Structures are given as structure tokens and as C-alpha cells.
């Protein structure tokens, strides 16, 4: 029910409504009391609930001042209760509004944190997915490389075996060749030694023969020299050719 700003629960008392009220005459004491009361109430902060000027105007028409005062006190008490409740409600509203604002700020903060967390989570998930894809690619690549390496190891092992076999065959061939060459060289050396020994023996025999011939030649030379001396002696003695031939002999 709206009672402030010139309205109350009763019908308006304006003359244009065609209603005439008969009030008892106002005494000077009642007029003075009414003015003092209006002055006191004007100092109070209750006019936002009820227009006390209109209330005093209405109550001034009552014939019983005591009853009017009781009614006025009841209105004042009711207005004070309403004012207190209104203040409490406003305080509660302010507290609620403050808590609501605080809660809203917290909610915004939580929402901001949630969005930041979600964004960070999305980044981490994307990063993990990328790393997972890289790991899967690496695993596949390593598998292929391991397979290729296994095949290469098999090929290298076969090549090593072939090389080993080839080297063994070549070494065996070298050994046979070296053995044959060594045998031929040994045979050649032995033959050379035999030939050298035979040559030395032959030379020794030749030396012995030459030594014997040298002796014979020396003997012949001595004989020739002796005959030459006899010939010279005979020539000096006047021997003839015939005597010389006889001396030399056949």
C-alpha cells in the first residue's frame, strides 16, 4: 500500500470529489500541539515511508486529541519498525549484493582461470598428440631401419663368409704357390750347389792337371835348355851338323 508522497490507505480528501467533512473546531492548544509535532517529525527520517504532514492534517480533524496522539504514535512506531526493517533489508541487500558481486568476481576469476587452464590443457593435449605422433613415426622409422639393418647384417654376414672363403682359398693358393716356389727354389739351389760343386771339382782337377803339365813343361824346358847349352858348346867346339844331330838324337 503506497502511503508516501500525499497518499494513504483512506480515500483522498480533495474537495473536487464532492465529499464534505464536518470537523470540530480546532482549539489553540490543539493547533500548537499539531505544529510542535509536525516540527519534531519533520526532523525524523520517516517521511520516505509516510507523509506525516497529511497524517497530521487528517488527525487534526479528530475530536479526541488523546486518541489522535495514540494513533499518531502507533503510526510513528509502525514507521520506525518499517524503517528498521527497511534498513535491515537494505543492509542485507547491500551485503547480499556485495557478496553477489564478490561471488560474481570470484566466478569471473574462476572462469578466467578455467579458460586459461582449458587453453593450457588444450595446448598440452596438442603437444602430447604431436609428441605421440612423433614417437609413433619414430617407432615406425626405427622398425623399418631395424629391419633394413637386419637385412644388411645378413648380407654383410654372407659377404664376410664369402670373403672368408675367398681369402681362405687365396691363402691356400698362395700357400701352394709359395710351397711350390719354395720347393722349386730349393731344388734349383740344390742343383746350383751341385753344379757349383762339380765346377769347383772340375776346376780343381784342371788346376791339378795344369800343375802336372807345368811340371812337365818345366822338365821339358830344362831338357831344351840343356840341349841348347850342349849345342852352343858343340858350336863353339866346331862340331858339325851331323854330330849335333847325333847329340840331339832322334
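In the working numbering, the protein residues as written are 24 to 273.
Where is the CB? At the ideal position from N, CA and C, for every residue including glycine.
A quick note: this is a predicted structure, and the numbers were derived from the prediction, not measured.
| query | result |
| --- | --- |
| Three or more C-beta pairs below 8 Å linking the stretch 100-109 and the stretch 69-82 | yes |
| Spatial distance of residue 156 from residue 144 (CA atoms) | 18 Å |
| Proximal residues to residue 162 (C-beta, below 6 Å), its chain only, five neighbours per side dropped | none |
| Pairwise C-alpha distance: residue 220 and residue 237 | 25 Å |
| Where residue 148 falls: helix, strand or coil (DSSP) | helix |
| Cβ neighbour criterion (16 or more within 10 Å) applied to residue 98 | buried |
| Cβ-based burial, residue 128 [other Cβ within 10 Å; buried from 16] | exposed |
| Three-state secondary structure (DSSP) of residue 176 | helix |
| Which of helix, strand or coil DSSP assigns to residue 84 | coil |
| Neighbour-count burial assignment, residue 91, 16 or more Cβ in a 10 Å radius | buried |
| Neighbourhood of residue 94 by C-beta distance below 7 Å, restricted to the same chain and skipping five residues each side | 82 |
| Per-residue DSSP class, three states only, for residue 72 | coil |
| Assigned exposure category for residue 78 - 16 Cβ within 10 Å defines buried | buried |
| Proximal residues to residue 260 (C-beta, below 6 Å), its chain only, five neighbours per side dropped | none |
| Length of the line joining the Cα atoms of residue 257 and residue 247 | 15 Å |
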